[in-house]
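Chains as they are written, first to last, in this note's numbering: chain P, 5 to 469; chain V, 222 to 339; chain W, 3 to 174. Right, one structure below, let's go through it.
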Amino acid sequence: MFKLRDISIRNKLILMQVFTSVVVFGIVFGVFIITDVNSYKQRKVDSMISLAQVIGTNSISSIQFQDPEAAKKMLADLHNVAPEIIHAGITNKNGQAFASYSKIKADSFKIPVLKGKAFSFAGEQQLFVSNPIVSNNEIIGDVFLQVQLTELQKIKHDKYGLAFVLLLVALVFSFLIALMVQSYISKRLLKLVHAIKKVGKTGEYNKTLEEDGKDEIATLIQAFNKLMEEIKESQKKKDEFIGIASHELKTPLTSIKGYVEMLNVLEQEQPKKKFVEKTLNNVNKLERLVKDLLDVSKIQSGQLKLDIKEFNIDELLDETIIAAQMVSGTHHIERKDHPDNKMIFGDKQRIEQVLLNLLSNAIKYSPGENKVVVDSEKTEKELIIKIRDYGIGVPKEEQINIFERFYRTKGVSVHISGFGLGLYICRDIINRHYGKIWVESADKGSIFYFSLPLKHSFTTQQTQA
Amino acid sequence: MNKILVVDDDLDILSLVQVILSMNNFTVEAISRWEDISNKIAEFKPNLVLLDVMLGGADGRDICRNLQTQAATKDIPVVLFSANPEMGKYIKDCMAKDFVAKPFEMAQLLKTVRTYVN
Amino acid sequence: MLFKRFLLVVLASFLAGAITAQNAEQEANLKAAFIYNFTKYIDWGNYDHGSDFVIGIIGDSPVTESLNEIASQNTVDNKRIAIKTIDNASEIKDCDILFIPKKSRFSLNYLLRKARPGVLTISEEAGFAKKGTAFNFVIINNRLKFEANLKAISSAGLKAGSQLLKLAIIVD
Chain P
5 MFKLRDISIR NKLILMQVFT SVVVFGIVFG VFIITDVNSY KQRKVDSMIS LAQVIGTNSI
65 SSIQFQDPEA AKKMLADLHN VAPEIIHAGI TNKNGQAFAS YSKIKADSFK IPVLKGKAFS
125 FAGEQQLFVS NPIVSNNEII GDVFLQVQLT ELQKIKHDKY GLAFVLLLVA LVFSFLIALM
185 VQSYISKRLL KLVHAIKKVG KTGEYNKTLE EDGKDEIATL IQAFNKLMEE IKESQKKKDE
245 FIGIASHELK TPLTSIKGYV EMLNVLEQEQ PKKKFVEKTL NNVNKLERLV KDLLDVSKIQ
305 SGQLKLDIKE FNIDELLDET IIAAQMVSGT HHIERKDHPD NKMIFGDKQR IEQVLLNLLS
365 NAIKYSPGEN KVVVDSEKTE KELIIKIRDY GIGVPKEEQI NIFERFYRTK GVSVHISGFG
425 LGLYICRDII NRHYGKIWVE SADKGSIFYF SLPLKHSFTT QQTQA
Chain V
222 MNKILVVDDD LDILSLVQVI LSMNNFTVEA ISRWEDISNK IAEFKPNLVL LDVMLGGADG
282 RDICRNLQTQ AATKDIPVVL FSANPEMGKY IKDCMAKDFV AKPFEMAQLL KTVRTYVN
Chain W
3 MLFKRFLLVV LASFLAGAIT AQNAEQEANL KAAFIYNFTK YIDWGNYDHG SDFVIGIIGD
63 SPVTESLNEI ASQNTVDNKR IAIKTIDNAS EIKDCDILFI PKKSRFSLNY LLRKARPGVL
123 TISEEAGFAK KGTAFNFVII NNRLKFEANL KAISSAGLKA GSQLLKLAII VD
């Protein structure tokens, strides 16, 4: 069903103008034509009555001298003088026919009875007039004329035809003009709509629109700009806050972590040692969370910067496996591929962050099971790292969502800790390396992949960026 | 030669670092007021300065730069110390030798320190 | 047999006579009406015969009675119509119209001589228009028509309207 509301503003404006033009012109033409027709009819009546008057005057003597032949002869002249008259009749004062004239092949219409000076229209096809014949203030007879209004029909036909053509012309013109003029309104509006859509899609709040004029659209633009300002401000404040907060959180954390670490070294007696260990674990978790928060805030405000250098990925893999292994008691992390000192370009610290995150996830999401396998694959263009766990896996419909901020898998029976920021940060880091990160389900557990372009691809991409 | 001067305006962190380093056979002096640095260096003659960046009223980077440009102190290596991981980028800029992020792992702190002090 | 036929003839002639009698009256009325109507189309110009409009009739005629009828109810140029039976030729010059019935006492030429300008002569005998009367009634196809002699009209110093003349049989 065609909904008026759903047509674009641009088309609505055009439609409105065209519709208005057509209606207005239609009415104007209609009125003009009707008045024209009416005045024609009036003129016709007047002229026919005048003609009847003349006929009457010229028939007086014929009537007086009872000579219908002469009258007939005069009426017959009408054939040439007024060919539109199809019937003319003269009656005497008793209403009896005195003389008449009929044009051959005349249509038979219902002939009205007219008395005195009178006229009657049969639609707009025929006109009947009658006029008394007066001599010495005495009515001695009547002249009756029946007129075929072919001329009127032709006029009407021509005028309506012309009006129709003009209407079409008006339609075309109004359409063209509307086309040009509507852009004045809709262009600005569409620009605004486009900007809003873009902001919604990209989340970039720093684009403002040029303000022009004082009308409602300008007001909208102003409001939009103000809104963007406010969002930008509040984002800035939020980022600042997160920046400051995480900085401030780190200071006491430094002391806590440091002292608890020392306690861990100093304290060997159980159960104190266990208490200290637990405290240390949680302090470390806290530290990671604070770091993640800070990273996320940086990502959001576009401040996350990469320190790109060439480094040995195999070496990094080994180092991070050892580091992760140290933290995990139950799991065994093994490397499936063969290290061969592959060099790649990237931010070593951040790649390390990604690896540690994925490894700790692998451990976290396979409670009870105790194997995590790290693999790598080198193609012509990129290096792919795979981290396989044998845990609870990720359902297919969630595989896109898990890389979103604050996303936690639903319906998980085991309590998994964390903000849900890790994968979001990993994705950002990998994207900035022009790589890809994704997950696939294995028959048991999941395999996390991330790809890093090899050095020549990266540099070319860098120069492209 | 294992004398280390630690400068940080947070007293707890100051004593924490002092304890960690002392426990690992380093001779440590710790000050919280950056104004005292010059005097302390002259007096203590450390082999390494561990310098916090966010000092109340002063920027550790400026101080580091100063130390590295003055004849008396330019040979003493400085390691920057901060909760802001971005500070690591300013090492070259202010002629520091390295950067330690807070919070730190004990092992990491010790490793870094040992690199510049034998 | 012979008697019946005789009766039939008498009856027929009687009837014919009656019809003829009725027709004659109609004809007289019609002629009178025509004569009256002629006045509407004739311009006597400066010829003025007095305060009345005089129509003179030579001798007796059935038209006289009809004319009297018309005269009692109508005027010509706001003048009373006077119908006169002319016995004396000297009265002719006082008439506006002179009607010459059939079988009048005087000869046409005599009457025409006596009719000075200003007198409209009307006759009702075949050929009289040609002989010099202005108008002459004729019956054609049982219809009353009239001949007009334009020369006679203009000799009489009168003008006849075209509306009248177009109905007339012009004779010259």
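Ideal Cβ positions, reconstructed from N, Cα and C, are used throughout, including at glycine.
Under 8 Å between the Cβ atoms of residue i and residue j?
i               : j               : result
I155 of chain W : I99 of chain W  : no
E265 of chain P : L284 of chain P : yes
I59 of chain W  : P103 of chain W : yes
G61 of chain W  : R107 of chain W : yes
I53 of chain P  : V173 of chain P : no
S473 of chain P : I94 of chain P  : Past the edges of chain P, shown from 5 to 469, lies residue 473 of chain P, and the structure says nothing about it.
F36 of chain W  : L146 of chain W : yes
A317 of chain V : V299 of chain V : yes
A26 of chain W  : D54 of chain W  : no
E381 of chain P : I388 of chain P : yes
A158 of chain W : A131 of chain W : no
I262 of chain V : L301 of chain V : no
S178 of chain P : Q21 of chain P  : yes
A279 of chain V : W255 of chain V : yes
D379 of chain P : D322 of chain P : no
K254 of chain P : V287 of chain P : no
E281 of chain P : P324 of chain V : no
N374 of chain P : T324 of chain P : no
M78 of chain P  : N62 of chain P  : yes
In this structure, how does DSSP classify residue i when only helix, strand and coil are distinguished?
i               : result
F311 of chain V : Rather than Phe, the amino acid found at residue 311 of chain V in this sequence is Tyr. Reduced to three states, the DSSP call for Y311 of chain V is helix.
L257 of chain P : helix
M316 of chain V : coil
D174 of chain W : coil
G129 of chain W : coil
R145 of chain W : strand
D89 of chain W  : coil
G350 of chain P : strand
R339 of chain P : strand
D10 of chain P  : helix
K81 of chain W  : strand
Q46 of chain P  : helix
K332 of chain V : helix
Q75 of chain W  : helix
A20 of chain W  : Low local confidence applies: a pLDDT of 47 at A20 of chain W is under 50, so the model's placement there is unreliable, and no value is given.
Can you check which of these residues, the options, is closest to residue i by C-alpha distance?
i               : options                           : result
T309 of chain P : P:L183, P:E252, P:G204 and P:R436 : The question names Thr, but residue 309 of chain P in the sequence shown is Lys. The option with the nearest alpha carbon to K309 of chain P is P:R436.
G397 of chain P : P:E386, P:P371, P:T383 and P:V378 : P:P371
G134 of chain W : W:L114, W:F148, W:E126 and W:I142 : W:L114
S301 of chain P : P:G145, P:I38, P:E252 and P:D243  : P:D243
K160 of chain P : P:Q100, P:T61, P:K77 and P:S43    : P:S43
K105 of chain W : W:E149, W:S63, W:D174 and W:D45   : W:S63
L131 of chain P : P:E402, P:Y188 and P:Q157         : P:Q157
L55 of chain P  : P:T39, P:V147, P:I433 and P:G333  : P:V147
L180 of chain P : P:E402, P:L19 and P:N365          : P:L19
G196 of chain P : P:Y164, P:F168, P:H342 and P:N229 : Per the sequence shown, residue 196 of chain P should be read as Leu rather than Gly. It is P:N229.
Q239 of chain P : P:E252, P:T324, P:G165 and P:G306 : P:G306
I367 of chain P : P:Q353, P:R354, P:K121 and P:G395 : P:G395
P457 of chain P : P:V28, P:I348 and P:A446          : P:I348
Note the first and the last residue of the continuous beta strand (DSSP E) segment covering residue i.
i               : result
D393 of chain P : E386 to D393
N316 of chain P : K313 to N316
S380 of chain P : K375 to K382
S303 of chain V : V299 to S303
L251 of chain V : Checking the sequence, you will find Ala at residue 251 of chain V rather than Leu. Per DSSP, A251 of chain V belongs to the beta strand (DSSP E) from T248 to I252.
L272 of chain V : L269 to D273
G58 of chain W  : D54 to I60
I441 of chain P : I441 to S445
Starting from residue i, trace the alpha helix (DSSP H) in both directions and tell me its first and last residue.
i               : result
V240 of chain V : L232 to M244
I284 of chain V : G281 to T290
E264 of chain V : I258 to F265
P275 of chain P : No alpha helix (DSSP H) contains P275 of chain P, which DSSP labels as neither H nor E.
P457 of chain P : Run containing P457 of chain P: none in the alpha helix (DSSP H); it sits in the beta strand (DSSP E), S450 to P457.
I434 of chain P : G426 to R436
Within 8 Å of any Cβ in chain B, is that where the Cβ of residue i sits?
i              : result
Q68 of chain P : Any reference to chain B falls outside this structure, whose protein chains are P, V and W.
Any chance you could list the alpha helix (DSSP H) runs of at least 4 consecutive residues sitting entirely within the region 12–36 of chain P, in chain order?
If we require 4 residues or more, the region 12–36 of chain P turns out to have no alpha helix (DSSP H) run fully inside it.
Minimum length 3: unbroken beta strand (DSSP E) runs contained in the region 66–148 of chain P:
With a minimum length of 3 residues, the unbroken runs of beta strand (DSSP E) contained wholly in the region 66–148 of chain P fall at 89–96, 101–106, 122–126 and 130–139.
Start-end ranges of the beta strand (DSSP E) lying completely within the region 99–129 of chain W, minimum 3 residues:
Qualifying beta strand (DSSP E) stretches, in chain order: 99–102 and 122–125.
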